[in-house]
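The block underneath contains the structure these notes are about, expressed in structure tokens.
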Amino acid sequence: GKLLKKPSRSRHGSPYDDYFSSPDKIGIFGRKNTFTKLPAKSEVFGLRLDDHQYAISVDRLSKDGMVWITKETPPVLVWYDKQTETALAFALKQAKDVDTKHITVKGAALYDSDGKRVDAKELPLNSAFWFAWASFFPNTELIN
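Per this note's numbering, residue 1 is the first one in the sequence shown, and the count goes up by one each step.
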């Protein structure tokens, strides 16, 4: 086929920059913003655990570096890498005797303050806009 119109690009180089930067453009069908807990296009990392869903705002993670979800057994750590703007989630297998304030992440593994590897299972996270995650999982607990 023949290209009828060359996509316009902003200075960032993506033809979607206009969509990302416009708070009024929500989804592909121009739906109304009914999401009151966060601005619709706030970036979140979504986590599904059995019957519970969580959305952790990127703003919160970038500020704090990590978030603990202690309602779950075992507790879950969501860790944010500011350099790559990515997150990892881990369910600790043995929560007791772990100093939760001094855990570090190297690769896809957790280590305590003594450099000892913490027994944990990596969990899948989804990166999404808040409106998209909340549309699929309306009972999500937001951690902001």
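We put the CB at the ideal spot given by N, CA and C, even for glycine. Just so it is clear, the structure is predicted and the values come from calculations on it, not from any experiment.
Helix, strand or coil at residue i [DSSP, three-state]
i: residue 139; result: coil
i: residue 14; result: coil
i: residue 132; result: helix
Residue closest to residue i, alpha-carbon to alpha-carbon, out of the options
i: residue 129; options: 20, 14, 119, 52; result: 20
i: residue 51; options: 59, 58, 71, 63; result: 71
i: residue 94; options: 74, 124, 125; result: 74
i: residue 60; options: 48, 49, 36, 87; result: 87
i: residue 25; options: 142, 132, 79; result: 132
i: residue 62; options: 41, 84, 69; result: 84
Residue range of the alpha helix (DSSP H) that includes residue i
i: residue 61; result: 58–64
Cutoff 6 Å; reference residue i; Cβ partners in own chain excluding five residues on either side
i: residue 53; result: 137, 140
i: residue 10; result: Its pLDDT being 49, under 50, residue 10 is placed unreliably in this model, and the coordinates cannot settle the point.
i: residue 46; result: 55, 126, 128, 133
Rounded separation between residue i and residue j - CA only
i: residue 55; j: residue 105; result: 21 Å
i: residue 123; j: residue 67; result: 14 Å
Beta-carbon proximity list for residue i, same chain, < 7 Å, skipping 5 on both sides
i: residue 120; result: 90, 91, 92, 93, 110
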